[in-house]
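First comes the structure, then the notes that go with it.
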Amino acid sequence: MKILCVGRNYVAHAKELNNQVPDEPVIFSKTDSALLLKNKPFFIPDFAGEFHHEVEVVVRINRVGKNIAPQFAHRYYNEVALGIDFTARDLQAKLKSKGLPWEKSKSFDGSAMLSNFISKDKFANVQDVNFRLDINGETRQQGNTNQMIFSIDELIAHVSQYFTLKIGDFIYTGTPAGVGPVKIGDRLQGYLQDEMMFDFLIK
Ligand code: ZN
Numbered sequence: 002m003k004i005l006c007v008g009r010n011y012v013a014h015a016k017e018l019n020n021q022v023p024d025e026p027v028i029f030s031k032t033d034s035a036l037l038l039k040n041k042p043f044f045i046p047d048f049a050g051e052f053h054h055e056v057e058v059v060v061r062i063n064r065v066g067k068n069i070a071p072q073f074a075h076r077y078y079n080e081v082a083l084g085i086d087f088t089a090r091d092l093q094a095k096l097k098s099k100g101l102p103w104e105k106s107k108s109f110d111g112s113a114m115l116s117n118f119i120s121k122d123k124f125a126n127v128q129d130v131n132f133r134l135d136i137n138g139e140t141r142q143q144g145n146t147n148q149m150i151f152s153i154d155e156l157i158a159h160v161s162q163y164f165t166l167k168i169g170d171f172i173y174t175g176t177p178a179g180v181g182p183v184k185i186g187d188r189l190q191g192y193l194q195d196e197m198m199f200d201f202l203i204k
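Just so we're aligned, residue 2 is where the sequence shown starts under my numbering, counting upward by one.
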């Protein structure tokens, strides 16, 4: 199983971090030990100072594919979830400034929080779904999948040129604007449309 992630897939988020809007998807990956499931708490590690939440729609691949054409990409996933791409932002900034890989800031244990999956058929159009992150009852990030720079199908087609997609792989599809640090005691609740997908604590 692999976890592929997309950076800068929402214009407003790319701009809030002073990044250019990309002309092709920015892709990175996380290790399998990054997964944080079942609403378990996120324990803030001590190797960095600032851990940011990035709420993202996640898809799970359900058939093997390589060099998938965009018009067939919808056949390669049938469920969606909501996750958090936790990011050690100060460490990431340090690594980026040196031109080094992001892994330590993006792929550490617990950095891939993930809800249960629901059928994409629950939505009239999976590319028009509202989602949001509330922290301590206050909405901090909200987006709609129709704001993606690269659609889910385009992402699947793109990444499958480089990586064979296998059953059970996950793709984190990028975060909208509003990222920020979490602190001990915060309660994070995520919604796809009006359905609560996760509810967990920062410790
Ligand atoms: Zn992200």
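Built from N, CA and C at the ideal position, the CB exists for glycine as well.
Beta-carbon contacts of residue i that lie in its chain and below 8 Å, excluding the five residues immediately before and after
i       : result
Tyr-163 : Ile-28
Gln-93  : Trp-103, Ser-106 and Lys-107
Glu-80  : Val-60, Arg-61, Asn-63, Phe-118, Ile-119, Ser-120 and Lys-121
Asp-187 : Ile-136, Asn-137, Leu-202 and Ile-203
Lys-97  : Trp-103
N-terminal and C-terminal residue of the beta strand (DSSP E) that residue i is part of
i       : result
His-54  : 52-54
Asp-86  : 78-86
Ala-113 : 113-115
Beta-ladder partner(s) of residue i, from DSSP
i       : result
Phe-29  : Cys-6
Gln-142 : Leu-134
Val-59  : Ala-82 and Tyr-173
Asp-187 : Looking at the DSSP assignment, Asp-187 forms no beta bridge with any residue, so it has no partner.
Glu-196 : Leu-193
Pro-182 : His-53
Ile-203 : Phe-43
Ile-119 : Val-81
Leu-37  : Met-114
Leu-101 : Paired residue(s): none; Leu-101 is not in a bridge.
Residues near residue i in its chain [Cβ-Cβ closer than 6 Å; skip 5 each side]
i       : result
Val-22  : Val-12 and Ala-15
Tyr-192 : Arg-133
Gln-148 : Tyr-11
Ala-178 : Ala-13, His-14 and Glu-17
Ala-49  : Ala-89, Asp-91 and Leu-92
Gly-8   : Val-27
Ile-150 : Asn-10
Limits of the unbroken alpha helix (DSSP H) element including residue i
i       : result
Val-90  : Going by the sequence as given, residue 90 is Arg instead of Val. Taken as a continuous stretch (DSSP letters only), the alpha helix (DSSP H) holding Arg-90 covers 90-98.
Ala-49  : Segment: none, Ala-49 is in no alpha helix (DSSP H) and carries neither H nor E.
Ile-157 : 153-160
Lys-107 : 104-107
Val-12  : 12-17
Cβ-Cβ distance between residue i and residue j below 8 Å
i       : j       : result
Asp-86  : Ser-112 : yes
His-54  : Leu-166 : no
Lys-184 : Ile-168 : no
Val-180 : Leu-5   : no
Met-114 : Gly-84  : yes
Val-56  : Thr-146 : no
Asp-110 : Ser-34  : yes
Asp-154 : Ala-82  : no
Pro-182 : Phe-52  : yes
Pro-46  : Ala-158 : no
Checklist entry - Do the region 104-114 and the region 125-135 touch if we need at least three Cβ pairs shorter than 8 Å? => result They do not touch, by the three-pair rule.
Checklist entry - With a cut-off of 8 Å, do at least 3 Cβ pairs link the region 64-71 to the region 24-40? => result A contact between stretches requires three or more CB pairs, one per stretch, nearer than 8 Å, and the region 64-71 fails this requirement with the region 24-40.
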